[in-house]
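Note that the UniProt record's numbering has the sequence shown beginning at 1, numbered continuously upward.
Heads up, the thing below is written out as structure tokens.
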Amino acid sequence: MNSDETSKSQLTQALYKNMTLTSKQRAFLNSQAHSLKPIIQIGKNGLNDQIKTSVRQALDARELIKVTLLQNTDENIHEVAEILEEEIGVDTVQKIGRILILYKQSSKKENRKLSVKVKQI
């Protein structure tokens with residue numbers, strides 16, 4: 001495999017990594033998230049390890065969460081989404097203003113109620 005084929009392969013993997021949810025799945029998750037309240041707030045301390053741990057635990061318990069960026073934070077919503085996608089492996093369902101809707105299949109089988117429905121779509 002030459003360097004061109006390797007770079008194409010890496011590019012393809014990067015594209016598919018960001019396209020794990022179809023548009024129908026995203027629409028379904030958006031409808032499910034509509035009634036959710038943000039359970040994690042990112043404030044003046046920014047996206048620290050404690051926030052990342054909270055996101056991991058919340059996603060493991062619920063699979064779908066809302067995260068809000070408070071006005072006193074210096075963080076950019078796009079950068080926060082990218083960091084969480086890379087480090088935790090979440091799927092960003094939607095970014096609205098200062099609110100992120102995040103999804104990740106739970107590692108615990110008893111908490112996989114939503115992911116079962118998502119896979120059926």
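For every residue, glycine included, the Cβ atom is placed at its ideal position computed from N, Cα and C.
CB contact flag (D60, K104, <9 Å):
Locating residue 60 in the sequence shown gives position 60, counting from the first residue. Locating residue 104 in the sequence shown gives position 104, counting from the first residue. Going by C-beta atoms, D60 is nearer than 9 Å to K104.
Drop a sphere of 10 angstroms on the beta-carbon of T53, count the other beta-carbons inside from all chains shown, and report buried for 16 or more, exposed for fewer.
Indexing the sequence shown from 1 puts residue 53 at position 53. Flag for T53 reads exposed.
Element boundaries [alpha helix (DSSP H), containing T68]:
To locate residue 68, count along the sequence shown from 1; it is residue 68. Run containing T68: none in the alpha helix (DSSP H); it sits in the beta strand (DSSP E), L64 to L69.
Apply the 10 Å Cβ neighbour rule to K109 and answer buried if 16 or more other Cβ atoms are within range, or exposed otherwise.
Working through the sequence shown from its first residue, we reach residue 109 at position 109. With fewer than 16 other Cβ atoms within 10 Å, it is exposed.
Beta-ladder partner(s) of T92, from DSSP:
Your numbering for residue 92 matches position 92 in the sequence shown. Paired residue(s): L102.
To the nearest angstrom, report how far apart T22 and D74 are at their CA atoms.
For the purposes of this step, residue 22 is identified with residue 22 of the sequence shown, where counting begins at 1. For the purposes of this step, residue 74 is identified with residue 74 of the sequence shown, where counting begins at 1. Straight-line measurement puts the Cα of D74 at about 31 Å from the Cα of T22.
How would you call N2, buried or exposed, if buried means at least 16 neighbouring beta carbons within 10 angstroms?
The residue you call residue 2 lines up with position 2 of the sequence shown. The predicted model places N2 with a pLDDT of 49, which falls under 50 and marks its position as unreliable, so this point remains unresolved.
Identify the residues that DSSP records as bridge partners of Q41: which are they?
By 1-based counting over the sequence shown, the position of residue 41 is 41. T68, per the DSSP bridge assignment.
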